[in-house]
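Once you know that position 3 of the sequence shown is 2 in numbering that gives the first Met the number 0, the rest is easy, because the numbers rise by one and skip nothing.
To start, the structure under review is shown below, and the notes come after it.
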Amino acid sequence: MTRSPQRLRWAVNGARTFDVPTTATRTALTEIDRAVRAMHFRSDALPPDSGAHRVYRRGSALGDVLIGGSGLSAITSRIGPLSVHGVIVVSLDGYGADSTRVIVSLVAGSHGGGDFVDAVDAALRLIGSHHIPVNDAGWSRAVDVDRMSPANPHRAAELDLI
Numbered sequence: 000m001t002r003s004p005q006r007l008r009w010a011v012n013g014a015r016t017f018d019v020p021t022t023a024t025r026t027a028l029t030e031i032d033r034a035v036r037a038m039h040f041r042s043d044a045l046p047p048d049s050g051a052h053r054v055y056r057r058g059s060a061l062g063d064v065l066i067g068g069s070g071l072s073a074i075t076s077r078i079g080p081l082s083v084h085g086v087i088v089v090s091l092d093g094y095g096a097d098s099t100r101v102i103v104s105l106v107a108g109s110h111g112g113g114d115f116v117d118a119v120d121a122a123l124r125l126i127g128s129h130h131i132p133v134n135d136a137g138w139s140r141a142v143d144v145d146r147m148s149p150a151n152p153h154r155a156a157e158l159d160l161i
């Protein structure tokens, strides 16, 4: 189900699902990496057998509570992300003979949702700038991603990705 990016920006953790040709998977991952790093997320090591292809983190849970609970969330858009917590998981699955399904999901840190939405939208623009065909399934809630995918927040927690 496609959801409004505006609603996902502030209300819930979102996920973006899209398909690219298998030959373009490396380029798609490179552009996702570039876009999320521009939003102050950093790449993190993957636990063995997690099934995730990338994990990015920013801030801390303590920072998220302090910013979200103290009213400071209103000023973070003006002064930057401070330590707004966020964990992004990128999952790849084969989808047909010639395409790969990419799921980019914010599995933790809803206060970073605006930056996450901006980063994923930027990544899709960059992928398109390489003339790569993208079959975009749009936005959904992260909890609506397949329960066995590491891009689902519950599964990500079980896999110690959060």
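Just so it is clear, CB atoms sit at the ideal spot from N, CA and C, and this is done for glycine as well.
Since the model is a prediction, treat every value here as computed from it, not as a measurement.
A check of alpha carbon separations from I102 across G58, V54 and H129 identifies V54 as the nearest. Here the alpha carbons of A34 and L105 stand approximately 14 angstroms from one another.
Only residues of its own chain outside the window of five on either side were considered, and among them V103, V119 and W138 have a CB closer than 6 angstroms to the CB of R15, listed in chain order. Shortest Cα-Cα distance from S128 to any of T26, R100 and D18 involves T26.
A direct Cα-Cα distance of roughly 9 angstroms separates E30 from R124. By the criterion of a C-beta distance shorter than 6 angstroms, N151 is surrounded in its chain by V144, once the five residues flanking it on both sides are discounted.
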